[in-house]
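This report refers to the structure that appears directly beneath it.
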Amino acid sequence: MSRIGKQPIQIPSGVTVSVNSGVVKVQGSKGNLEYLVDERVSVEVKDSEILCAMKDESVDQSRARFGLVRSILSNMVEGCGTGFKKELQINGVGYRGQVSGRNLELALGFSHPVHYPIPDGIQIDVDKQGKVTIEGPNKQLVGQVAAEIRDFRPPEPYKGKGVKYADEVVRRKAGKSASS
Numbered sequence: 001m002s003r004i005g006k007q008p009i010q011i012p013s014g015v016t017v018s019v020n021s022g023v024v025k026v027q028g029s030k031g032n033l034e035y036l037v038d039e040r041v042s043v044e045v046k047d048s049e050i051l052c053a054m055k056d057e058s059v060d061q062s063r064a065r066f067g068l069v070r071s072i073l074s075n076m077v078e079g080c081g082t083g084f085k086k087e088l089q090i091n092g093v094g095y096r097g098q099v100s101g102r103n104l105e106l107a108l109g110f111s112h113p114v115h116y117p118i119p120d121g122i123q124i125d126v127d128k129q130g131k132v133t134i135e136g137p138n139k140q141l142v143g144q145v146a147a148e149i150r151d152f153r154p155p156e157p158y159k160g161k162g163v164k165y166a167d168e169v170v171r172r173k174a175g176k177s178a179s180s
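In structure tokens form, the structure reads like this:
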């Protein structure tokens, strides 16, 4: 039995949770999220706590999904209350980004600018130093958007140019002249 799945989820003030026929709806100041719970796991709300339980403990799939459902619901509650944030850093001469409408325009050394449509529920901000801040209530979507933006030009090991996570350390290599 999952140790994570057994732990109750505390619902902070300002966040409301409702369960209706297998659909969990979480509403808060940062946004609203819905999740269709696996039919092998039951979810109930009792006085500012969310409790998860397995319907049939003998089935392997219910044990596998038990901790997953609890973690997803915990992330939903945290995201609707405080939100999630990822920061990227754009490094390189002439590399920059700007938000225009619901598009992120990036100049990353290609012969053309890269246009990235910003998904619903995500806010992106770019400052003058090339720091890209991605915020939203959905942890999975925030991480996915950050990974997709980084994939346009990952940091290269020789000069460190490219898009990297703010806390990422790029392992640098010596060039040809330094090795001889």
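Residue 167 in the numbering used here is what sits at position 167 of the sequence shown, and the numbering runs on without skipping anything.
The C-beta atom is built at its ideal place from N, Cα and C for all residues, glycine as well.
The model shown is predicted, which means the values in this text are computed figures rather than measured ones.
Expected contact under 8 Å - CB spacing of residue i and residue j to nearest Å
{"i": "Val-81", "j": "Gly-28", "result": "Before going further, note that residue 81 is Gly rather than Val in the sequence given. 5 Å between Cβ atoms; contact."}
{"i": "Gly-97", "j": "Val-142", "result": "Wrong, their Cβ atoms sit about 17 Å apart, outside the cutoff."}
{"i": "Phe-84", "j": "Gly-136", "result": "6 Å"}
{"i": "Val-43", "j": "Leu-73", "result": "7 Å"}
{"i": "Pro-12", "j": "Ile-50", "result": "Not confirmed; about 12 Å, so no contact."}
Proximal residues to residue i (C-beta, below 7 Å), its chain only, five neighbours per side dropped
{"i": "Val-145", "result": "Pro-119, Ile-122, Ile-134"}
{"i": "Asn-75", "result": "Lys-139"}
{"i": "Phe-66", "result": "Ser-2, Gly-5, Val-41, Cys-52, Met-54"}
{"i": "Ala-107", "result": "Gly-94, Tyr-95, Arg-96, Pro-113"}
{"i": "Gly-22", "result": "Leu-36, Val-37, Glu-39"}
Residues near residue i by beta carbon distance below 8 Å, same chain, minus five either side
{"i": "Tyr-165", "result": "Lys-86, Glu-87, Leu-88, Gln-89, Ala-146, Arg-150"}
{"i": "Asn-103", "result": "His-115, Tyr-116, Pro-117, Ile-118"}
{"i": "Val-99", "result": "Glu-105, Ile-118, Ile-124, Asp-125, Val-126"}
{"i": "Gly-130", "result": "Gln-89, Ile-90, Asn-91, Tyr-95, Arg-96, Gly-97"}
Residue i, buried or exposed, once every other Cβ within 10 Å from all chains shown has been counted against 16
{"i": "Glu-217", "result": "Outside the displayed span of the chain (1 to 180) sits residue 217, for which this structure offers no information."}
{"i": "Val-59", "result": "exposed"}
{"i": "Val-17", "result": "buried"}
{"i": "Pro-155", "result": "buried"}
{"i": "Val-24", "result": "buried"}
{"i": "Lys-176", "result": "exposed"}
{"i": "Lys-30", "result": "buried"}
Short Cβ contact (8 Å threshold) for residue i with residue j
{"i": "Gln-10", "j": "Ser-71", "result": "no"}
{"i": "Leu-36", "j": "Val-26", "result": "no"}
{"i": "Arg-172", "j": "Gly-162", "result": "no"}
{"i": "Val-169", "j": "Pro-157", "result": "no"}
{"i": "Val-69", "j": "Asp-38", "result": "yes"}
Neighbourhood of residue i by C-beta, 6 Å cutoff - its chain only, sequence neighbours within 5 removed
{"i": "Asp-56", "result": "Ser-62"}
{"i": "Ala-64", "result": "none"}
{"i": "Gly-92", "result": "Lys-161"}
{"i": "Arg-153", "result": "Leu-108, Gly-162, Val-163"}
Beta strand (DSSP E) segments (min. 3 residues) lying fully within the segment 134 to 171: 162 to 165
Residue ranges of each beta strand (DSSP E) within the segment 34 to 73, 3 or longer: 41 to 46, 49 to 54
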